[in-house]
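Protein chains in written order, with our numbering: chain A, 1 to 458; chain B, 1001 to 1458.
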């Protein structure tokens, strides 16, 4: 327990900010399984991956040995514009809950992309620029990742082509306009601009698109144009590496005040935030230096960890990407239409999947009305209107704090507040109007997704 | 000039945060003219004002002698949740402009209300609570002030009734939903719930409302219900007092690094941000300790300072509020329909009006396409998507920095970045699509507004 007085917000000084990313794979006894070539079922080589991703990012993707990797100066300079992010002591929430628990959250929402996604976007844009590329392509759903990438590309004067799930493009025009303000081109997906898009439109006229389909289009757009590569905002090892800056800053801030957390909680869609937040703490656990409880929180309507299978699967609907071994619901799985809370990816980071399978972390799933209830409660006492995704972590943090109230334990809880909900007001409106419903897929629903899993030993 | 290395962001420590507000009127030789009772044309008494405003706020409104006023502990605690706000060195903007000027901005957008408005909202809610009131009423246009007040009321468990200009209520539903998430009731104005609303609806069926009309409704709702008072987010002396926290923090951060600004720039609608930002610096100037250049920036389509008259005028369309002596375009003046950049109030803070009339500050007016051009440029290099209001100050800061490039002067420029533009994407979309136009009212347009000025000596 700390003896110093803890301020509401702990900000590191610039000189205390991390200058290296931490690669948790280096400390894992069982390494995450390699990406496989979907044709040969052999591990993807650097050369094969280099057709899709930037060279330096491929090196980072494949490197499971080097524990620390220097953050280039240009990225450090960009980080200084919006980092360090504050580690906030939730004094007001503690008071409201009347809990003896001590609650902290690492808040990543104080930048225009509205989330932690910018931490990896700027790194990926930097390596693309350094390689002399013209631009990058990507997909985005509601637009968080696309916005982050647009900001990063604008900073390095790189072209940025975003394929945005058509239903979001039409119904959520505001993030689209943020991306355009940063100079990105935004194409509703599926589109006529790619072969895979035309194929999907022919097979499913009038479709409003999906994330998996937008990934397929973005990959095709990158590989069919000279000087372009594809970039991805979650799931991959490289992304977790970049996002380790969240955990490293969190740990430095806690160490500064001699605070040792009992548990660390994060929401999990593809795993980039959770993986980044827990990395350095998980490293200590893996090296046997200290034990922590880690809790991944996911929506009950897209329960990759809690009800998925640990198997090789496609990362996208169009099946153009490599196979990854991960907890998955099958690449054909799409959460029910009433799902408003984000975190809708069918799979999960291979690294986190391996750690979970090894019993090093726990997972919980939540129904969305309970999540929005926590979001509202948090907003009213802590002032910040949270993203629905982040609110999954808030819910579990509150639940754990209430357990402490019962038992009288003074546990220290840290959770990741990944972003703000300013562009999610349609979901909040549904909640405010009492029109939000829950849905949990049946076992039969899940079986349909599992039926599409490729037949791969692994 | 500072000799220490200046970080990208200067954050004060909690213990360095101001614990008193500064009341610039105490140092003014010519005090701002008093509010007048529109019936008797006599200065409003504390008793008369007490029917509309909370008692303590009335005291603050009328006190033009006390230079420093303690900030109550409850407000200090709330400030700690989102303050201190960073003073940012715009290294990337300087580099982009290739200017020898040193540019700093005080960024007030890192809170859910998205602007500086929260600084006064929490104070006004606190005094209402302390007086044992049930709730407060107010008006809001696009929703920045209403959101801030909703957050503040939710924190102190006060009822909050917001009258929102109907066109915004319908076309900009997102801030409305933020307010509802914080538990406020939001009524489109004009409404059937007040006499003045019914009168306006009868006279102008189908009207989409105006700020002046929403003020009249909110005042009526406060004065006709027991346990309610009206609160206002700008213009008033009390609001400038609360907003002095912006300037005090800015000055403390600059002093810490021995930086002395040459000029301080702020956008001006009703004057709350500008007044708050410049207060302590203006104090030094008034006391003859140090000279600064102050620049108020306003839209060319609503040019209160640059083309208005310094006269007593009504603060609202319904003429239920006291008369204030200020630079004004007349209470009937409404900016042209194409105006997208905020700052649309017809009048201006009495305090700032007096300072401007005394030649202690300058004012400039800008057309909105030039403002959005600066907004885009700033967003792309500094990462933050600014509010259209704030972008007025950005434009002038850039212009001044470019002058330094020509002359080679290393001037230090400080400007107020009052908020973010996340809820202004309709305006950005117009700009992105090349559909934004400019409009400058003709002298004849302005004469119509001036014709409605009350006949008062002063």
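Positions of the beta carbon are idealized from the N, C-alpha and C atoms, including for glycine.
Apply the 10 Å Cβ neighbour rule to residue i and answer buried if 16 or more other Cβ atoms are within range, or exposed otherwise.
| i | result |
| --- | --- |
| residue 1106 of chain B | buried |
| residue 1424 of chain B | buried |
| residue 974 of chain B | This structure leaves residue 974 of chain B out entirely; chain B is present only between 1001 and 1458. |
| residue 204 of chain A | exposed |
| residue 1260 of chain B | exposed |
| residue 1395 of chain B | buried |
| residue 336 of chain A | exposed |
| residue 1414 of chain B | buried |
| residue 1290 of chain B | exposed |
| residue 117 of chain A | buried |
| residue 40 of chain A | exposed |
| residue 1402 of chain B | exposed |
| residue 25 of chain A | buried |
| residue 20 of chain A | exposed |
| residue 1386 of chain B | buried |
| residue 404 of chain A | buried |
| residue 1043 of chain B | exposed |
| residue 1119 of chain B | buried |
| residue 1287 of chain B | exposed |
| residue 1171 of chain B | exposed |
| residue 16 of chain A | exposed |
Counting only C-beta atoms, is residue i closer than 7 Å to chain B at any point?
| i | result |
| --- | --- |
| residue 459 of chain A | The structure shown has nothing for residue 459 of chain A, since chain A only spans 1 to 458. |
| residue 405 of chain A | no |
| residue 18 of chain A | no |
| residue 7 of chain A | yes |
| residue 380 of chain A | yes |
| residue 432 of chain A | yes |
| residue 494 of chain A | This structure cannot speak to residue 494 of chain A, because chain A is shown only from 1 to 458. |
| residue 82 of chain A | yes |
How about residue i: is its C-beta nearer than 7 Å to some C-beta of chain D?
| i | result |
| --- | --- |
| residue 292 of chain A | Judged by its chain identifiers, the structure shown contains no chain D, and its protein chains are A and B. |
Look at residue i and residue j and say whether their C-beta atoms are less than 7 Å apart.
| i | j | result |
| --- | --- | --- |
| residue 1247 of chain B | residue 1277 of chain B | yes |
| residue 431 of chain A | residue 372 of chain A | yes |
| residue 87 of chain A | residue 250 of chain A | yes |
| residue 90 of chain A | residue 382 of chain A | yes |
| residue 85 of chain A | residue 48 of chain A | no |
| residue 92 of chain A | residue 125 of chain A | no |
| residue 1369 of chain B | residue 1230 of chain B | no |
| residue 1073 of chain B | residue 1241 of chain B | no |
| residue 270 of chain A | residue 155 of chain A | no |
| residue 363 of chain A | residue 265 of chain A | no |
| residue 1280 of chain B | residue 1022 of chain B | yes |
| residue 1075 of chain B | residue 1006 of chain B | no |
| residue 189 of chain A | residue 166 of chain A | yes |
| residue 1114 of chain B | residue 1341 of chain B | no |
| residue 1355 of chain B | residue 1392 of chain B | no |
At the 7 Å Cβ level, is residue i part of the contact set with chain A, yes or no?
| i | result |
| --- | --- |
| residue 1011 of chain B | yes |
| residue 1179 of chain B | no |
| residue 1107 of chain B | no |
| residue 1072 of chain B | no |
| residue 1383 of chain B | yes |
| residue 1031 of chain B | no |
| residue 1147 of chain B | no |
| residue 1154 of chain B | yes |
| residue 1470 of chain B | No information on residue 1470 of chain B is available, as it lies outside the stretch 1001 to 1458 that chain B covers here. |
Using the DSSP secondary-structure output, state which residues sit across from residue i in a beta bridge.
| i | result |
| --- | --- |
| residue 1239 of chain B | None, per the DSSP bridge assignment. |
| residue 1325 of chain B | B:1312 |
| residue 364 of chain A | A:297 |
| residue 1414 of chain B | B:1104 and B:1264 |
| residue 1089 of chain B | B:1104 |
| residue 1147 of chain B | Paired residue(s): none; residue 1147 of chain B is not in a bridge. |
| residue 1068 of chain B | B:1022 |
| residue 138 of chain A | A:162 |
Contact between the segment 140–152 of chain A and the segment 175–193 of chain A (3+ Cβ pairs under 8 Å): Short answer: they touch.
Stretch pair the segment 348–365 of chain A + the segment 230–249 of chain A: three plus CB contacts closer than 8 Å: Flag = yes, the segment 348–365 of chain A and the segment 230–249 of chain A touch.
Any 3 or more C-beta pairs closer than 8 Å across the segment 207–216 of chain A and the segment 161–171 of chain A: A contact exists between the segment 207–216 of chain A and the segment 161–171 of chain A.
Touching by the beta-carbon criterion (3+ pairs, under 8 Å), the segment 1120–1131 of chain B and the segment 1093–1104 of chain B: Touching, no, given that fewer than three Cβ pairs across the two stretches are closer than 8 Å.
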